[in-house]
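Enquirer: For the sequence shown, the residue numbers in full-length UniProt numbering are 1 to 566.
Where is the CB? At the ideal position from N, CA and C, for every residue including glycine.
Can you keep this structure in mind? I'll have questions shortly.
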Amino acid sequence: MVGGFEVGAVPYNPDGWGPPESTATLAASSNLPLNVPFAPFSRSDKLGRIADWTRTMNNPGRPKAASDSVFDFTNDDSFPANADEDMSFRLVDGKPPPRPKFGPKWRFNQQRTQLPQRRDEEVEARKREAEKERARRDRLYNLNRSNVNATRREAAVFKSSVEIQPEWNMLDQIPFSTFSKLSFSVAEPEDLLLCGGLEFYDRTNDRITPKNERRLERFKNRNFFKVTTTDDPVIRRLANEDKATVFATDAILSTLMCATRSVYSWDIVVQRVGNKLFFDKRDGSQLDLLAVHETSQEPLPEAKDDINSAYSLSVEAAYINQNFSQQVLVRDGNKVAFDEPNPFANEGEEVASVAYRYRRWKLDDDMYLVARCEVQSVMEVNKQRSFLTLNALNEFDSKYSGVDWRQKLETQRGAVLATELKNNANKLAKWTAQALLASADMMKLGYVSRVHPRDHFNHVILAVVGYKPKDFAAQINLNTSNMWGIVKSIVDLCMKLNEGKYVLVKDPSKPQVRIYEVPADAFENDYVEEPLAEEDQVQPPGEDENGATANAGTDDAAEKVDAAQA
């Protein structure tokens with residue numbers, strides 16, 4: 001027998017909606033469930049749940065209410081507990097602050113109310129922008145380290161400055177980390193001989209600015225000489241007179257002194273003859289050129305025939321330096337002559353303004369070093385003669401450096417120099433070391449740029465700035481004691497070797513130097529065309545009997561590259 005569902009009696013309320021308020025009526029309807037809550041509502045309100053049978057009833061952490069939890073809606077948002085709380089509720093104003101009504105009246109009236117709030121918001125906005133900028137820089141830095149730098153270093157692995165032959169015997173390899181800890185102090189050098197002639201520096205070049213730039217001229221008739229140590233007749237004479245034990249040039253010494261800053265490969269030939277040591281450069285060595293963007297993280301084009309490749313830029317920079325060093329002089333025929341004329345020039349030949357100072361340093365009780373140092377100009381300061389070195393930095397494309405010289409040189413010259421110190425740290429350090437070796441009173445740096453980024457024939461001078469070598473060395477963190485410590489350690493190492501010929505090679509992919517023992521006739525038959533009758537000494541094409549290279553000017557870029565490749 002199936003039982004029926006009894007709804008029960010529903011009391012009638014004649015006074016309005018809802019159950020009657022009289023207790024009698026409630027008592028009469030005793031068949032209703034007890035403790036059923038009643039929530040008053042308006043006809044315009046949405047109806048909530050009457051009962052929730054899905055609610056979990058066995059939660060030990062929740063205290064049991066006196067009423068049936070199925071009908072308990074005290075925490076339900078559908079039924080507001082108190083109407084008074086609804087009246088006091090206000091929505092938080094999320095609208096942006098009002099735009100200022102520009103004018104002195106608004107600023108005066110709103111100073112105490114709006115400005116503090118806006119200042120806090122501006123501080124927070126600046127913090128958020130700074131965080132975004134910091135994250136962007138970190139992302140770019142990591143991208144450069146992982147991609148660009150790796151690509152460039154891998155490309156440089158196979159570009160050694162000299163081809164290592166299988167018969168060469170590697171004797172030692174020295175990591176650059178050992179060079180940074182070396183220190184050695186030397187006394188002031190003595191001048192053994194001064195040769196050549198110098199022209200005076202034109203002070204009007206100091207007033208050159210990007211707004212009144214000056215076109216870089218080409219000096220086709222002046223000859224420049226890049227003679228190695230053993231081909232120098234003065235050094236041969238000094239060696240025969242037993243004036244020293246070690247012989248070198250300022251270009252070779254500066255390469256050794258600044259080796260820890262180098263990235264590209266280089267090599268130096270070492271010859272041990274009796275108790276003497278000669279540091280030489282090979283014919284056609286990279287030491288005759290000037291590296292551009294060597295220490296930059298921005299990769300250069302790898303194609304050798306590209307005008308912005310590392311090789312093409314080094315050739316271009318070498319010719320820019322030669323022409324710049326002659327253009328900033330007073331060309332009135334007035335020269336300062338020294339003890340002897342230029343030892344590499346023929347009689348009647350027009351030579352560039354240069355003086356060679358043969359100087360001697362004491363390395364040990366019975367060991368002296370003689371080096372040929374160069375200065376390019378002279379200047380009268382307070383009725384005293386001051387020697388100058390002249391060098392030029394060249395801008396080829398601002399997208400590689402990120403700094404446009406024409407816009408920044410006048411207002412932010414320090415930023416331009418800082419960028420060059422980052423991209424050309426080794427080149428600037430070598431120039432400073434050469435100025436210190438020659439005891440130059442001033443080093444002039446010229447800023448030379450292309451007329452157009454794609455035109456590597458024509459250039460303009462944008463500025464010329466002078467620095468004292470010692471102050472500039474301190475600025476670029478070049479320690480003279482460490483420089484001489486590197487030279488002294490290499491000299492001591494080479495003096496322990498047997499008589500013969502050796503070559504120091506900077507590894508193209510690792511910060512280290514290797515020492516190879518090579519045959520006695522190495523590097524002598526590379527460019528044989530016709531042996532000279534005088535000394536049976538072969539010279540590369542484009543050099544005279546003294547091993548001097550004559551500059552043919554910058555008339556044709558193809559001639560530049562062909563001459564350098566030869």
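I need the straight-line Cα distance from residue 181 to residue 258, nearest angstrom please.
Expert: For the purposes of this step, residue 181 is taken as residue 181 along the sequence shown, with counting starting at 1. For the purposes of this step, residue 258 is taken as residue 258 along the sequence shown, with counting starting at 1. When rounded, the distance between both Cα atoms is 14 Å.
Enquirer: Within 10 Å of its beta-carbon, does residue 171 have 16 or more other beta-carbons around it, so buried, or fewer, so exposed?
Expert: The residue given as residue 171 occupies position 171 in the sequence shown. Per the 10 Å Cβ criterion, exposed.
Enquirer: Can the beta-carbon of residue 649 be found less than 7 Å from the beta-carbon of residue 292?
Expert: Since the displayed the chain opens at 1 and closes at 566, residue 649 lies outside it and no answer follows.
Enquirer: For residue 250 versus residue 475, is the C-beta spacing smaller than 7 Å?
Expert: Numbered from 1 along the sequence shown, position 250 holds the residue referred to as residue 250. Numbered from 1 along the sequence shown, position 475 holds the residue referred to as residue 475. For residue 250 and residue 475, no; Cβs fall outside 7 Å.
Enquirer: Given a cut-off of 7 Å, decide if residue 261 and residue 426 are closer than it, judged by their beta-carbon atoms.
Expert: The sequence position of residue 426 within the sequence shown is 426, counting from 1. The sequence position of residue 261 within the sequence shown is 261, counting from 1. In contact: residue 426 and residue 261 (Cβ atoms closer than 7 Å).
Enquirer: My output table needs one value for residue 376: the three-state DSSP class, helix, strand or coil.
Expert: The residue given as residue 376 occupies position 376 in the sequence shown. The answer is coil: DSSP assigns residue 376 none of H, G, I, E or B.
Enquirer: Suppose you measure from the CA of residue 201 to the CA of residue 321; what does that come to, to the nearest Å?
Expert: Counted from its first residue, the sequence shown places residue 201 at position 201. Counted from its first residue, the sequence shown places residue 321 at position 321. Their backbone Cα atoms lie some 15 Å apart in a straight line.
Enquirer: What is the rounded straight-line gap between the Cα of residue 19 and the Cα of residue 13?
Expert: Translated into positions along the sequence shown, residue 19 becomes position 19. Translated into positions along the sequence shown, residue 13 becomes position 13. So the two alpha carbons sit approximately 6 Å from each other.
Enquirer: State the Cα-Cα distance for the pair residue 157 and residue 511, rounded to the nearest angstrom.
Expert: To locate residue 157, count along the sequence shown from 1; it is residue 157. To locate residue 511, count along the sequence shown from 1; it is residue 511. With a pLDDT of 42 at residue 157, under the threshold of 50, the modelled position of this residue cannot be trusted; read the value that follows with caution. Roughly 12 Å separates the two Cα atoms.
Enquirer: What residues match up with residue 193 in a beta bridge as DSSP calls it?
Expert: Stepping through the sequence shown from its first residue, residue 193 is reached at position 193. According to DSSP, which records beta bridges pairwise, residue 193 is partnered with 358.
Enquirer: Could you give the DSSP three-state label for residue 223: helix, strand or coil?
Expert: Sequence index remark: in the sequence shown, residue 223 carries index 223 (1-based). Of the three classes helix, strand and coil, the one that applies to residue 223 here is strand, per DSSP.
Enquirer: Report the start-end ranges of each beta strand (DSSP E) in the region 448-523 that is 3 residues or longer and not cut off at the edges.
Expert: Fully enclosed beta strand (DSSP E) runs of 3 or longer: 455-467, 500-506, 512-518.
Enquirer: May I have the straight-line CA-CA distance separating residue 9 from residue 17, to the nearest angstrom?
Expert: To locate residue 9, count along the sequence shown from 1; it is residue 9. To locate residue 17, count along the sequence shown from 1; it is residue 17. Going from the Cα of residue 9 to the Cα of residue 17 covers about 16 Å.
Enquirer: Would you say the region 218-227 touches the region 334-349, given that touching needs at least three Cβ pairs under 8 Å?
Expert: Result yes; three or more Cβ-Cβ pairs closer than 8 Å.
Enquirer: Give a yes or no on contact between the region 207-218 and the region 355-367, applying the rule of three or more CB pairs nearer than 8 Å.
Expert: Too few Cβ pairs lie closer than 8 Å, so no.
Enquirer: Hey, quick one: how far does the alpha helix (DSSP H) through residue 233 stretch, first residue to last?
Expert: Position 233 of the sequence shown, counted from the start, is the residue given in the question as residue 233. First-last of the alpha helix (DSSP H) with residue 233: 233-240.
Enquirer: Using only alpha-carbon positions, find the residue among 220, 135, 268, 203 that is nearest to residue 161.
Expert: As a working note, residue 161 is residue 161 in the sequence shown. When each option's Cα is compared against that of residue 161, the closest is 268.
Enquirer: Just checking my contact of residue 208 with residue 463 at CB under 8 Å: how many whole Å lie between their CB atoms?
Expert: Taking the sequence shown and counting its residues from 1, one reaches residue 208 at position 208. Taking the sequence shown and counting its residues from 1, one reaches residue 463 at position 463. Correct: roughly 6 Å between the Cβ atoms.
Enquirer: Suppose the cutoff is 6 Å on Cβ atoms and the five residues either side in sequence are ignored; what does the same chain contact list for residue 197 look like?
Expert: Position 197 of the sequence shown holds residue 197. So the qualifying residues of the chain are 335, 337.
Enquirer: Between which two residues does the beta strand (DSSP E) harbouring residue 280 extend?
Expert: For the purposes of this step, residue 280 is taken as the residue at position 280 of the sequence shown. Segment 276-280, the beta strand (DSSP E) holding residue 280.
Enquirer: Alpha carbon to alpha carbon, how far is residue 234 from residue 340? Give it in angstroms, no decimals.
Expert: To locate residue 340, count along the sequence shown from 1; it is residue 340. To locate residue 234, count along the sequence shown from 1; it is residue 234. If you take the alpha carbons of residue 340 and residue 234, they lie about 10 Å apart.
Enquirer: Quick one: what's residue 201 bridged to in DSSP?
Expert: For this step, residue 201 is matched to residue 201 along the sequence shown. According to DSSP, which records beta bridges pairwise, residue 201 is partnered with 329.
Enquirer: For residue 187, I'd like the list of residues in its chain whose CB is within less than 8 Å of its CB, leaving aside the five on either flank, ordered along the chain.
Expert: Against the sequence shown, residue 187 aligns to sequence position 187. The answer, listed in chain order, is 361, 362.
Enquirer: So, under 8 Å CB-CB, residue 472 and residue 495 are touching, yes? Tell me the CB distance rounded to an integer number of Å.
Expert: As a working mapping, residue 472 is identified with position 472 in the sequence shown. As a working mapping, residue 495 is identified with position 495 in the sequence shown. With a Cβ gap of about 32 Å, residue 472 and residue 495 do not count as contacting.
Enquirer: Taking 7 Å as the limit between beta carbons, can you name the residues of its chain near residue 239, skipping five residues before and five after?
Expert: For the purposes of this step, residue 239 is taken as residue 239 along the sequence shown, with counting starting at 1. Answer for residue 239: 247, 276, listed in chain order.
Enquirer: Just how far apart, CA to CA, sit residue 372 and residue 189?
Expert: For the purposes of this step, residue 372 is taken as the residue at position 372 of the sequence shown. For the purposes of this step, residue 189 is taken as the residue at position 189 of the sequence shown. Residue 372 and residue 189: Cα-Cα distance of roughly 12 Å.
Enquirer: DSSP has residue 387 in a bridge; who is on the other side?
Expert: In the sequence shown, counting from the first residue as 1, residue 387 sits at position 387. 378.
Enquirer: Can you grab the Cα-Cα spacing for the pair residue 456 / residue 448, in whole Å?
Expert: As a position in the sequence shown, residue 456 is number 456, starting the count at 1. As a position in the sequence shown, residue 448 is number 448, starting the count at 1. So the two alpha carbons sit approximately 12 Å from each other.
Enquirer: For the beta strand (DSSP E) that contains residue 267, what are its first and last residues?
Expert: For this step, residue 267 is matched to residue 267 along the sequence shown. Start and end: 267-273.
Enquirer: Could you give the residue range of the beta strand (DSSP E) that holds residue 337?
Expert: The sequence position of residue 337 within the sequence shown is 337, counting from 1. Residues 335-337.
Enquirer: How far does the alpha helix (DSSP H) with residue 251 in it reach, from first residue to last?
Expert: In the sequence shown, residue 251 corresponds to position 251, counting from 1. Counting along the chain, the alpha helix (DSSP H) containing residue 251 begins and ends at 250-257.
Enquirer: Quick one: what's got a C-beta closer than 7 Å to residue 326's C-beta in the same chain, skipping five residues either side?
Expert: By 1-based counting over the sequence shown, the position of residue 326 is 326. The residues are 219, 222, 352, 353.
Enquirer: What's the C-alpha gap between residue 513 and residue 253?
Expert: Stepping through the sequence shown from its first residue, residue 513 is reached at position 513. Stepping through the sequence shown from its first residue, residue 253 is reached at position 253. Taking the straight line joining both Cα atoms gives about 15 Å.
Enquirer: Could you check how far apart the C-beta atoms of residue 272 and residue 466 are, in whole angstroms? I think they sit under 8 Å.
Expert: What you label residue 272 is simply residue 272 of the sequence shown in a count that begins at 1. What you label residue 466 is simply residue 466 of the sequence shown in a count that begins at 1. Contact doesn't hold; Cβ gap of about 41 Å is too wide.
Enquirer: What's the gap between the Cα of residue 167 and the Cα of residue 297?
Expert: As a working note, residue 167 is residue 167 in the sequence shown. As a working note, residue 297 is residue 297 in the sequence shown. Answer to the nearest angstrom: the Cα atoms are 36 Å apart.
Enquirer: Is residue 370 buried or exposed, if buried means 16 or more other CB atoms sit within 10 Å of its CB?
Expert: Sequence index remark: in the sequence shown, residue 370 carries index 370 (1-based). The residue in question, residue 370, is buried, as its Cβ has 16 or more Cβ neighbours within 10 Å.
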